[in-house]
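Protein sequences, first through last, are from chains A and B. Here the numbering used here is used: position 320 in the first sequence is 470, and no number is missing along the way. Here the numbering used here is used: position 50 in the second sequence is 200, and no number is missing along the way. Glycine included, C-beta positions come from ideal geometry on N, C-alpha and C. Note that this is a predicted model, so its numbers are computed, not measured.
Protein chains: 2
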Amino acid sequence: MRLSRYFLPVLKETPAEAQIASHRLMLRAGMIKQASAGIYSWLPLGLKVLRNIERIVNEEQERAGHVPLLMPTLQGADLWRESGRYDAYGEEMLRIKDRQGREMLYGPTNEEMITDIFRSYVSSYKDLPLTLYHIQWKFRDEMRPRFGVMRGREFLMKDGYNFDLDYEAAMVAYDRHMVSYLRTYERMGLQAIPMRADSGPIGGEDTHEFLVLAETGESEVFYDSAILDLKLADRAVDYDDAAQLASIRSEWTTPYARTDETHDEGVFAEVPEERRRTSRGIEVGQIFYFGTKYSEPLGAMVANEKGERVPVHMGSHGIGVSRLLGAIIEASHDDKGIIWPEGVTPFHVGIVNLRQGDAACDAACAEIEAQVAAKGLEPLYDDRDERAGAKFATMDLIGLPWRITVGPRGIAAGKVELTSRRTGESEEMTVEEAVTRLAAIYAGH
Amino acid sequence: MRLSRYFLPVLKETPAEAQIASHRLMLRAGMIKQASAGIYSWLPLGLKVLRNIERIVNEEQERAGHVPLLMPTLQGADLWRESGRYDAYGEEMLRIKDRQGREMLYGPTNEEMITDIFRSYVSSYKDLPLTLYHIQWKFRDEMRPRFGVMRGREFLMKDGYNFDLDYEAAMVAYDRHMVSYLRTYERMGLQAIPMRADSGPIGGEDTHEFLVLAETGESEVFYDSAILDLKLADRAVDYDDAAQLASIRSEWTTPYARTDETHDEGVFAEVPEERRRTSRGIEVGQIFYFGTKYSEPLGAMVANEKGERVPVHMGSHGIGVSRLLGAIIEASHDDKGIIWPEGVTPFHVGIVNLRQGDAACDAACAEIEAQVAAKGLEPLYDDRDERAGAKFATMDLIGLPWRITVGPRGIAAGKVELTSRRTGESEEMTVEEAVTRLAAIYAGH
Numbered sequence: 151m152r153l154s155r156y157f158l159p160v161l162k163e164t165p166a167e168a169q170i171a172s173h174r175l176m177l178r179a180g181m182i183k184q185a186s187a188g189i190y191s192w193l194p195l196g197l198k199v200l201r202n203i204e205r206i207v208n209e210e211q212e213r214a215g216h217v218p219l220l221m222p223t224l225q226g227a228d229l230w231r232e233s234g235r236y237d238a239y240g241e242e243m244l245r246i247k248d249r250q251g252r253e254m255l256y257g258p259t260n261e262e263m264i265t266d267i268f269r270s271y272v273s274s275y276k277d278l279p280l281t282l283y284h285i286q287w288k289f290r291d292e293m294r295p296r297f298g299v300m301r302g303r304e305f306l307m308k309d310g311y312n313f314d315l316d317y318e319a320a321m322v323a324y325d326r327h328m329v330s331y332l333r334t335y336e337r338m339g340l341q342a343i344p345m346r347a348d349s350g351p352i353g354g355e356d357t358h359e360f361l362v363l364a365e366t367g368e369s370e371v372f373y374d375s376a377i378l379d380l381k382l383a384d385r386a387v388d389y390d391d392a393a394q395l396a397s398i399r400s401e402w403t404t405p406y407a408r409t410d411e412t413h414d415e416g417v418f419a420e421v422p423e424e425r426r427r428t429s430r431g432i433e434v435g436q437i438f439y440f441g442t443k444y445s446e447p448l449g450a451m452v453a454n455e456k457g458e459r460v461p462v463h464m465g466s467h468g469i470g471v472s473r474l475l476g477a478i479i480e481a482s483h484d485d486k487g488i489i490w491p492e493g494v495t496p497f498h499v500g501i502v503n504l505r506q507g508d509a510a511c512d513a514a515c516a517e518i519e520a521q522v523a524a525k526g527l528e529p530l531y532d533d534r535d536e537r538a539g540a541k542f543a544t545m546d547l548i549g550l551p552w553r554i555t556v557g558p559r560g561i562a563a564g565k566v567e568l569t570s571r572r573t574g575e576s577e578e579m580t581v582e583e584a585v586t587r588l589a590a591i592y593a594g595h
Numbered sequence: 151m152r153l154s155r156y157f158l159p160v161l162k163e164t165p166a167e168a169q170i171a172s173h174r175l176m177l178r179a180g181m182i183k184q185a186s187a188g189i190y191s192w193l194p195l196g197l198k199v200l201r202n203i204e205r206i207v208n209e210e211q212e213r214a215g216h217v218p219l220l221m222p223t224l225q226g227a228d229l230w231r232e233s234g235r236y237d238a239y240g241e242e243m244l245r246i247k248d249r250q251g252r253e254m255l256y257g258p259t260n261e262e263m264i265t266d267i268f269r270s271y272v273s274s275y276k277d278l279p280l281t282l283y284h285i286q287w288k289f290r291d292e293m294r295p296r297f298g299v300m301r302g303r304e305f306l307m308k309d310g311y312n313f314d315l316d317y318e319a320a321m322v323a324y325d326r327h328m329v330s331y332l333r334t335y336e337r338m339g340l341q342a343i344p345m346r347a348d349s350g351p352i353g354g355e356d357t358h359e360f361l362v363l364a365e366t367g368e369s370e371v372f373y374d375s376a377i378l379d380l381k382l383a384d385r386a387v388d389y390d391d392a393a394q395l396a397s398i399r400s401e402w403t404t405p406y407a408r409t410d411e412t413h414d415e416g417v418f419a420e421v422p423e424e425r426r427r428t429s430r431g432i433e434v435g436q437i438f439y440f441g442t443k444y445s446e447p448l449g450a451m452v453a454n455e456k457g458e459r460v461p462v463h464m465g466s467h468g469i470g471v472s473r474l475l476g477a478i479i480e481a482s483h484d485d486k487g488i489i490w491p492e493g494v495t496p497f498h499v500g501i502v503n504l505r506q507g508d509a510a511c512d513a514a515c516a517e518i519e520a521q522v523a524a525k526g527l528e529p530l531y532d533d534r535d536e537r538a539g540a541k542f543a544t545m546d547l548i549g550l551p552w553r554i555t556v557g558p559r560g561i562a563a564g565k566v567e568l569t570s571r572r573t574g575e576s577e578e579m580t581v582e583e584a585v586t587r588l589a590a591i592y593a594g595h
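Structure below.
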């Protein structure tokens, strides 16, 4: 993409309404624009990151054997009356009447609707285990929306639901979700710690939240620093191997890690003092086992091996897709702007032409653009007639992890400069070397 | 994907509520489930086709140089008061009050919001031309939703908006849209004819609708059969070449083609009689030029080359993404089920194992699965313990264009059978030959 043909409305001023870094930087980098309180338009750069996050979530869910579908944003009130939640949910549910006077709502979550889909088609244990998920816009009418996409009202979420014959099978689904979530966050460059949590309005017995450590987090968290050393990295995971999944779950849930809601000073005191940490965290996901809480009232039953009709055991599992942009930026920025992890960056490399209009520089940039694209990577070429300082400032603000700088002196010597946004270090090399280096860096992403 | 692990709830019975083939077949093939009147859940198979259509639309829009962003589903009423449409729009607009009593609406279209985005950031002719688009769920509260996704209330649409300095530049954008739409429909295996149309509530001077010929179409259409011979095929299109775009537009708009709304018997009579056709058509897209209708009231002005502030010339251009599934099925099915064009098929090939549990057949199917995947194609392997007839019926119903059948006799002779869903013709060949053939078939898609 050439910047002269893109729509990247970066702001020079820091918007007064933004209280936290991610909100400020998303506005300044031209990623989002507020449409109404807690409701945002995703400008082109923001949409690219959102789609990257969505892609990673999809890939890891499909790898775990979970099946994607898509439920609508609007739901009828009747299903929610069956579960008893229509009256119980409170003012965060956006209630709507259509032209015929039918009561509807903008889905804040989908337990009822997915249970209805399940009960409509599945009647035998032979069709289990089954986990269905979708990534869809949801609405929660927050009293005080704030912090940009971190606490918006219209937000994109992945929510998945497992259907299993009994508690033991549902626990395998629980572990599958935990492991797939760990991998998902790692690919985004995030360290998200599973913490024992309260169940809240969805209702559950076993539940963990995933928290990213950041000063601006809404929760206070207490943990054993040993958990920070855990990595899935390139461990081979077999999602059909229940024992392996359980062992990974146990590895991550044995070290103490809890939010203020479940924190227990007595248990925390048993952690060696030098490993006891208190911090703040941003919730980026949650997994729940809630048994037959919805399958019983909604009649989602299957015949078991003996031919008896039993309610299925369910859980629901969510990842805050749009919120993750905020969390990633909170965890990865400096005073010049965003620093995207390679896994989610909107463009793989920025190309800065120091002398636009100079034949040799223009040709070199076009050549780099083509070579980068030939490796399956997407460059953003700043081809505007602007000062070098302004071009660097834009690249630093929007946070592409790598930049190639092309100037007349370097080109005369057959060299360009490859710069890491994270370290600020630059290295001179030929175009071929720079492209090869980039391909190697992104090979694992 | 293996069918035993998928969620494909095909129905044996024809649902009574479905009046047209596409609605019936989408329900029977387990593609959609009605959630409320005119509101559907997209089951896994339906979602895959929806995503394929979305991908083609995105690719062709980006190829035309149009920039994707994403506006929210809910909008504030205030912007619509600026354009005067809040009161004018009528009952199809779903109006909502949030917990603070603020008036909102579920967007039926986005002229106001995109104009607001434009006016917030762009102030000079130097940033033009600019075309922004998104693919987002919309809501129109139809009095009588019917025909499944063809006339639903919550529907997925691509809507794009061009911003240009003057009429001439806006006409180039108009032509760019016409050409990119022609290519989009062709890639989906559709012949969509641009027909001169009425402007309707968006308001416009130059406008064409794209109609797919089908008996169940809602509009009566009149056309010169010469237009059926026009194909873009692999013609190289340069979207920066205004003259080429205009010539393609002219090629497609010169033969008579109009809907009943703009039909003129006198002009039609000039078409040679043997080429005069009357039929019915399904609208799958529309392009509009409407000048300064929104930029004036909303104050979307830019400085021109003389430094004068002038309102931008705009147009809006839509493709009915979810509706296209219905249109494709209406245009491509038989009494056994759907026949997907290669460009949008949910899986590239079905694998039918005639003797599940037979070691040689199972091994051959697994091998085919792996070889097909290695070509970047996605197989659906029916690995259920079912009779051959049931497996064939499912494959015919869900409409994968190609099927590989594996049976014990063939395998003993080193052969499998490759069958075309469209012609029903089968051919025996080795696994390698079948895979090579499939790769060649899909190379252009």
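Buried versus exposed call for residue i [16 or more other C-beta atoms within 10 Å across all chains shown]
i, result
"B:Glu480", "buried"
"B:Thr573", "exposed"
"B:Leu547", "buried"
"A:Met293", "exposed"
"A:Lys162", "exposed"
"A:Lys456", "exposed"
"B:Ser274", "exposed"
"B:Val452", "buried"
"B:Val272", "buried"
"B:Thr555", "buried"
"A:Ser576", "exposed"
"A:Pro558", "exposed"
"B:Pro159", "buried"
is_contact[residue i, chain A] using C-beta, thresh 8 Å
i, result
"B:Met338", "no"
"B:Ala185", "yes"
"B:Asp248", "yes"
"B:Ile597", "Because chain B spans 151 through 595 in this model, residue 597 of chain B falls outside it and cannot be assessed."
Residue i Cβ short of 7 Å to the ligand NAP heavy atom set
i, result
"A:Asp535", "The ligand NAP is not part of the structure shown, which contains no ligands of any sort."
For residue i, the nearest candidate out of the options (CA to CA)
i, options, result
"B:Gly234", "B:Lys443, B:Met321, B:Met345, B:Val322", "B:Lys443"
"B:Tyr156", "B:Phe497, B:Ile561, B:Arg537, B:Thr555", "B:Phe497"
"A:Leu244", "B:Gly251, B:Glu242, B:Tyr239, B:Met243", "B:Gly251"
"B:Ser191", "A:Tyr236, A:Gly257, A:Ile246", "A:Gly257"
"A:Tyr236", "A:Met254, A:Met221, A:Gln521", "A:Met254"
"A:Ile476", "A:Val199, A:His463, A:His467", "A small correction: the amino acid at residue 476 of chain A is Gly; Ile does not occupy that position in the sequence shown. Taking only the C-alpha atoms, the option nearest A:Gly476 is A:Val199."
"B:Thr265", "A:Asp277, A:Lys276, A:Ala185", "A:Ala185"
Contact with chain B by residue i, beta-carbon distance below 8 Å
i, result
"A:Met221", "yes"
"A:Arg290", "no"
"A:Tyr271", "yes"
"A:Arg155", "yes"
"A:Met254", "yes"
"A:Ser191", "yes"
"A:Leu197", "yes"
"A:Val217", "yes"
"A:Leu395", "no"
"A:Glu204", "no"
Beta carbon of residue i nearer than 8 Å to that of residue j
i, j, result
"B:Tyr531", "B:Glu519", "yes"
"A:Val566", "A:Ala584", "yes"
"B:Ser330", "B:Glu210", "yes"
"A:Ala347", "A:Thr412", "yes"
Does the region 464–472 of chain B come within contact of the region 304–318 of chain B, defined as at least 3 CB pairs closer than 8 Å?
yes
Can we say the region 316–329 of chain A touches the region 492–502 of chain A, given the rule of at least three CB pairs closer than 8 Å?
no
With a threshold of 8 Å, are at least 3 pairs of Cβ atoms found where one atom belongs to the region 208–221 of chain A and the other to the region 174–186 of chain A?
No contact exists between the region 208–221 of chain A and the region 174–186 of chain A.
Can we say the region 356–364 of chain A touches the region 428–441 of chain A, given the rule of at least three CB pairs closer than 8 Å?
At 8 Å Cβ cutoff, the stretches touch.
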